[in-house]
Amino acid sequence: MAHVVLKDLVKTYGSFKAVNDVSLTVNDGEFVALVGPSGCGKTTTLNLVAGLISVTSGDIVIGDRVVNDLDPKDRDIAMVFQNYALYPQKSVYMNLAFPLQMRKLPKDEIDRKVREAARVLDMTQLLERKPRELSGGQQQRVALGRALVRDPAVFLMDEPLSNLDAKLRVQMRSEIKRFHQDLKATIIYVTHDQLEAVTMADRMAVMNGGYLQQYDSPAQVFAHPANMFVASFVGSPAMSLIPLEASTANGGAVLTSAEGWSLALSPRNAQKVARATTRKVVLGARHSTIKLHKSAIADAIPAKAYTVEPTGDVTFVQAFLSGAIVNISVSPNVAIAPDEQIWLEFDQERIHLFDSETEVALEAS
Amino acid sequence: MTIVSGKAEARRTLQSARSDVLRKMWEHRADYAYVLPAIAVMLIVIAYPIYYTIELSFFNTPPGLQLRDKIFVGLNNYTAILTSGVFWQVTFNTLIWTVASTFFSFVLGFAAALALHRDFIGRGVLRAILIIPWVISAVAASYIWKWIYHSDFGIIGAVLVELGWAERPPNFIDSVSTVLPSLIVVNIWREFPFAMIMMTAGLQTVPEPLLRAAKVDGANAWQRFWHVTFPHLRNVSTVTILLLAVANFNSFIIPWIMTGGGPSNASHIWITHIYELAFGRQRWGVASAYSVLLFIILMTLGYFYVRALSGNERKDGGA
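Chains as they are written, first to last, in numbering that gives the first Met the number 0: chain B, 0 to 364; chain W, 0 to 318.
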């Protein structure tokens with residue numbers, strides 16, 4: 000196993016910059032998820048690491064070697080593809096053996112490694128089958144096995160679960176996580192599904208528009224999103240982002256809505272707002288941090304329930320505040336009808352404040 | 000359950016299956032009515048000629064005799080054909096012609112498809128140029144090649160003499176030993192673009208992720224071709240070779256126009272020979288017997304081919 004370092008990585012296609020100055024370090028044995036919406040540059044970044052496309056500028060280090068100019072086969076990597084990319088005419092056994100045959104290993108060693116990988120992934124009984132005779136989950140396991148037999152320094156996984164149905168995806172998610180724990184493997188995992196990144200990765204690199212937005216543990220990314228993009232991308236339902244205007248009243252800082260209501264800020268939050276470059280500030284709050292009241296209380300903001308979505312465990316209520324959608328989760332035994340008058344109370348300790356100009360999170364000094 | 004009742008069971012299911020088929024046919028009676036006109040036309044233009052050819056093959060039709068006065072000769076036409084030297088010569092020519100044309104057209108077409116698969120400037124123009132032999136009229140091409148091969152005025156002979164590689168222009172199509180290879184070259188020139196188009200279409204369906212996976216797995220360009228591209232093209236290759244083989248077996252235009260089967264039958268293949276017997280010498284009976292034999296041979300080949308093909312499909316699960 001080895002660590003991976005990306006240093007000021009840039010990839011351009013003509014005038015289009017697919018990857019912009021991405022720098023990050025993946026530690027030995029770490030599971031890192033590259034996550035972002037489609038077109039954010041995450042797959043391009045992975046292909047750069049794999050060597051399937053060439054670097055425009057910057058360096059890629061695997062282990063202690065700069066691998067910019069090495070062929071994929073010389074980079075000591077293995078890759079798992081979204082559609083598995085199994086060789087359809089070869090049996091499972093031959094699929095697993097292929098990368099070893101290409102390395103001209105002796106036959107008995109190939110056999111030993113293939114059977115070992117099959118045992119680890121619990122598919123010894125599938126070895127003689129052709130890929131098309133396998134279910135999606137089994138094919139995915141073969142693809143993992145083909146990467147595993149190589150005993151590579153780094154595993155690269157390109158959306159390996161997105162072709163599976165929802166139930167199987169959850170199951171394979173824990174299998175891959177287990178695979179990582181057992182092997183202490185260095186894994187770079189590309190996904191557009193923030194939930195996969197949050198549940199599986201040690202650290203997640205959130206990307207957008209070719210830029211690295213934030214690189215931190217899922218817990219940190221969730222609790223302290225660096226900017227509005229990360230705040231709205233990570234977490235489901237998305238964090239509510241309400242555009243407001245900061246002002247001072249009665250000696251304290253207040254956020255005022257164009258709708259007329261206002262929210263007095265705690266001293267710590269007032270400090271954050273003071274650091275904004277503009278008076279326009281965006282208030283962010285996750286659904287679980289907003290309290291919903293069915294009658295007016297002090298400091299609660301009046302709103303109207305727009306939709307009510309029971310999911311069994313919790314019920315999600317959507318409302319509009321200052322033109323923005325606000326998601327609130329309530330216990331399923333709270334009965335709320337659409338268009339019912341409700342009051343929302345924000346938790347000063349757990350709200351996020353963003354500069355509406357730079358979209359960056361505001362921090363107290 | 001005893002064996003006897005097992006048999007009875009089987010008979011019952013067979014009977015119910017049969018009545019099932021009849022019931023389904025009755026349910027779809029309107030559909031049968033729709034295709035009836037087409038079937039009637041097929042019977043008139045295909046089934047009746049086949050029947051009439053088989054009938055004629057048992058008769059002698061001397062020139063000058065009206066067809067309705069034909070003389071029944073039993074299997075004489077067949078024994079005459081099978082014991083004649085010309086039959087074996089023509090059969091041998093047909094085999095050489097079909098196998099060589101099919102093989103080289105396919106290899107050349109596949110090579111051209113691979114060469115033109117990589118993106119480069121002028122690729123579209125080059126593809127268009129290479130398709131020309133296939134789209135121009137076979138008759139026109141045959142006359143052009145007749146002149147190219149001509150022993151007095153042909154350009155190939157002239158170039159060879161000019162370069163000093165030959166003392167006088169070779170007799171490409173006037174010599175028994177060179178006429179068939181010369182015609183095969185023309186045939187390959189004419190039909191390799193077809194193989195190229197088919198294989199190009201096939202190449203475009205090779206999944207890119209598979210090639211990438213092979214690259215990561217350490218396969219070089221040749222290994223990627225051998226382990227990914229080529230297996231993927233197996234079905235389209237089979238179809239291409241089949242279509243080429245059928246077309247070559249039934250070739251007529253190029254040999255007929257360029258040599259008419261000569262000199263001394265050296266370039267006669269089955270179809271040209273049958274045509275000459277029937278419409279050149281009015282030996283309808285013998286020509287019909289020839290046709291029946293050809294029909295039997297092609298049907299046998301076709302049977303084995305279809306069996307091999309469907310066998311493959313069973314093994315691969317139909318992909």
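Glycine is no exception: its CB is placed at the ideal position from the N, C-alpha and C atoms.
### Query
Per the contact definition of three or more C-beta pairs closer than 8 Å, is the stretch 348-356 of chain B in contact with the stretch 282-300 of chain B?
Taking a contact to require three or more Cβ pairs closer than 8 Å, the stretch 282-300 of chain B and the stretch 348-356 of chain B qualify as touching.
### Query
Which residues bound the alpha helix (DSSP H) around Val141/B?
The sequence position of residue 141/B within the first sequence is 142, counting from 1. Unbroken alpha helix (DSSP H) run through Val141/B: 135-147.
### Query
Any idea if Ser239/B is buried or exposed, counting beta-carbon neighbours within 10 angstroms, 16 or more meaning buried?
Within the first sequence, residue 239/B is the residue found at index 240, counting from 1. So Ser239/B ends up on the buried side.
### Query
Mind pulling the chain W residues with CB within less than 8 Å of Arg172/B?
By one-based count along the first sequence, residue 172/B stands at place 173. Residues of chain W passing the Cβ test: none, with the nearest at roughly 21 Å.
### Message
Going by C-alpha to C-alpha distance, which of Gly50/B, Ala360/B, Cys39/B, Ala196/B sits closest to Ser235/B?
### Response
Indexing the first sequence from 1 puts residue 235/B at position 236. Of the listed residues, the one whose Cα sits closest to Ser235/B is Ala196/B.
### Message
Extract the residue ranges of the beta strand (DSSP E) inside the stretch 326-360 of chain B, only unbroken runs of 3 or more that lie entirely within it.
### Response
Taken in chain order, the complete beta strand (DSSP E) segments of 3 residues or longer contained in the stretch 326-360 of chain B are 340-345, 351-354.
### Task
Would you please state the rounded distance, in angstroms, between the beta carbons of Val141/B and Asn82/B? I believe it to be under 8 Å.
Residue numbering aside, residue 141/B sits at position 142 when the first sequence is read from its first letter. Residue numbering aside, residue 82/B sits at position 83 when the first sequence is read from its first letter. So it is not a contact: roughly 13 Å between Cβ atoms.
### Task
On a CA-only basis, which of Ile327/B, Ser364/B, Tyr305/B, Gly322/B is nearest Ala336/B? Give me that one, please.
Counted from its first residue, the first sequence places residue 336/B at position 337. Of the candidates Ile327/B, Ser364/B, Tyr305/B, Gly322/B, the one whose C-alpha sits nearest the C-alpha of Ala336/B is Tyr305/B.
### Start-end ranges of the alpha helix (DSSP H) lying completely within the stretch 19-101 of chain W, minimum 4 residues
The stretch 19-101 of chain W contains, as complete alpha helix (DSSP H) runs of 4+ residues, the segments 28-41, 47-55, 75-82 (chain order).
### Query
With 7 Å set as the bound, which would you pick, yes or no: does the beta-carbon of Arg102/B sit closer than that to a beta-carbon of chain W?
In the first sequence, residue 102/B corresponds to position 103, counting from 1. By this cut-off, Arg102/B is an interface position.
### Query
Which of the three DSSP states, helix, strand or coil, is assigned to Gly317/W?
For the purposes of this step, residue 317/W is taken as residue 318 along the second sequence, with counting starting at 1. With a pLDDT of 38 at Gly317/W, under the threshold of 50, the predicted position of this residue should be treated as unreliable, and no value is reported.
### Message
Which residues in chain W have a C-beta closer than 7 Å to the C-beta of Pro71/B? List them in chain order.
### Response
Looking up residue 71/B in the first sequence gives position 72. Under the 7 Å cutoff, chain W gives Lys214, Val215.
### Message
Just checking: is the beta-carbon of Leu107/W within a distance shorter than 7 Å of some beta-carbon in chain B?
### Response
In the second sequence, residue 107/W corresponds to position 108, counting from 1. Answer no: the Cβ-Cβ gap between Leu107/W and chain B never drops below 7 Å.
### Query
If you scan the stretch 187-263 of chain B from start to end, which runs of the beta strand (DSSP E) of 3 or more residues do you find wholly inside it?
Entirely contained in the stretch 187-263 of chain B, the beta strand (DSSP E) runs reaching 3 residues are, in chain order, 202-207, 210-215, 239-248, 251-255, 261-263.
### Query
Three-state secondary structure (DSSP) at Phe370/B?
Residue 370/B lies beyond the range of chain B shown here (0 to 364); nothing can be said about it.
### Task
Following the continuous alpha helix (DSSP H) through Ser236/W, name the residue where it begins and the one where it ends.
Position 237 of the second sequence, counted from the start, is the residue given in the question as residue 236/W. In this chain, the alpha helix (DSSP H) harbouring Ser236/W covers 233-248.
### Message
Across the stretch 46-58 of chain B and the stretch 220-232 of chain B, are there enough close Cβ pairs to call them in contact, namely three or more that are closer than 8 Å?
### Response
No: fewer than three Cβ pairs fall under 8 Å.
### Task
With DSSP as the reference, label Ala302/B as helix, strand or coil.
Residue mapping note: residue 302/B aligns to position 303 of the first sequence, counting from 1. The answer is strand: DSSP assigns Ala302/B an E or B state.
### Task
Using only alpha-carbon positions, find the residue among Val148/B, Met171/B, Arg149/B, Gln340/B that is nearest to Glu365/B.
Residue 365/B is absent from the model: chain B starts at 0 and stops at 364.
#### Entry: Chain-ordered chain B contacts of Val227/W [CB-CB under 8 Å]
The residue labelled residue 227/W in the question sits at position 228 within the second sequence. In chain order, Tyr86 make up the part of chain B whose C-beta sits under 8 Å from the C-beta of Val227/W.
### Short CB-CB distance (under 7 Å) between Leu319/W and chain B
With chain W represented from 0 up to 318, any question about residue 319/W goes unanswered, as that position is not in the structure.
### Task
Classify Leu21/W as buried or exposed, calling it buried when 16 or more other Cβ atoms lie within 10 Å of its own Cβ.
To locate residue 21/W, count along the second sequence from 1; it is residue 22. Leu21/W comes out exposed.
### Query
CA-CA distance, Ile49/W and Leu42/W?
Residue numbering aside, residue 49/W sits at position 50 when the second sequence is read from its first letter. Residue numbering aside, residue 42/W sits at position 43 when the second sequence is read from its first letter. When rounded, the distance between both Cα atoms is 10 Å.
### Message
Am I right that Ser150/W and Pro168/W are in contact with their C-beta atoms under 8 Å? What's the rounded C-beta distance?
### Response
For this step, residue 150/W is matched to residue 151 along the second sequence. For this step, residue 168/W is matched to residue 169 along the second sequence. About 5 Å; that satisfies the 8 Å criterion.
### Task
Could you work out which residues of chain W lie near Met78/B, taking near to mean beta carbons separated by less than 8 Å?
Sequence index remark: in the first sequence, residue 78/B carries index 79 (1-based). Contact note: Met78/B reaches chain W through Arg211, Ala212, Val215, using a C-beta cutoff of 8 Å and chain order.
### Query
Is it right to say Ala230/B is buried, meaning 16 or more other beta carbons lie within 10 angstroms of its own, or is it exposed?
As a position in the first sequence, residue 230/B is number 231, starting the count at 1. Buried, by the Cβ-count rule.
### Message
Whole angstroms are fine: how far does the CA of Ile186/B sit from the CA of Ala77/B?
### Response
Locating residue 77/B in the first sequence gives position 78, where the first residue counts as 1. Locating residue 186/B in the first sequence gives position 187, where the first residue counts as 1. The alpha-carbon separation between Ala77/B and Ile186/B amounts to approximately 10 Å.
### Task
Report the three-state DSSP secondary structure of Tyr12/B (helix, strand or coil).
Position 13 of the first sequence, counting from 1, holds the residue named residue 12/B. In this structure, Tyr12/B counts as strand in the three-state DSSP scheme.
### Task
Mind listing the chain B neighbours of Gln222/W? Cutoff is C-beta to C-beta under 8 Å, in chain order.
The sequence position of residue 222/W within the second sequence is 223, counting from 1. By Cβ distance, chain B contributes Met101.
### Task
May I have the straight-line CA-CA distance separating Pro130/B from Phe232/B, to the nearest angstrom?
Locating residue 130/B in the first sequence gives position 131, counting from the first residue. Locating residue 232/B in the first sequence gives position 233, counting from the first residue. C-alpha separation (whole angstroms): 35 Å.
### Query
If you compare alpha carbons, which of Gly144/B, Glu132/B, Gln100/B, Lys103/B is closest to Asp121/B?
Within the first sequence, numbered from 1, the residue matching residue 121/B stands at position 122. If we check each option's Cα against that of Asp121/B, Gly144/B comes out closest.
### Message
Among the candidates Ala263/B, Asn268/B, Pro242/B, Ile241/B, whose CA atom is the shortest distance from the CA of Asn249/B?
### Response
Along the first sequence, one-based indexing puts residue 249/B at 250. Measuring from the Cα of Asn249/B, the nearest candidate turns out to be Ala263/B.
### Task
May I ask which residues mark the beginning and end of the alpha helix (DSSP H) holding Asp107/B?
One-based indexing of the first sequence puts residue 107/B at position 108. Membership of Asp107/B in the alpha helix (DSSP H) is indicated by the continuous run 106-119.
### Query
Which residues of chain B have a Cβ atom closer than 7 Å to the Cβ of Ala127/W, listed in chain order?
For this step, residue 127/W is matched to residue 128 along the second sequence. In chain order: nothing, as chain B lies at least about 28 Å away.
### Task
Check the C-beta distance from Asn186/W over to Ser100/W and give it rounded, since I have them as a contact under 8 Å.
Counting from 1 along the second sequence, the entry for residue 186/W is found at position 187. Counting from 1 along the second sequence, the entry for residue 100/W is found at position 101. The Cβ separation is near 5 Å, so the contact holds.
### Message
When you compare the CB positions of Phe178/B and Pro208/W, do they come within less than 7 Å of one another, or not?
### Response
The residue given as residue 178/B occupies position 179 in the first sequence. The residue given as residue 208/W occupies position 209 in the second sequence. No, the Cβ-Cβ distance between Phe178/B and Pro208/W is not below 7 Å.
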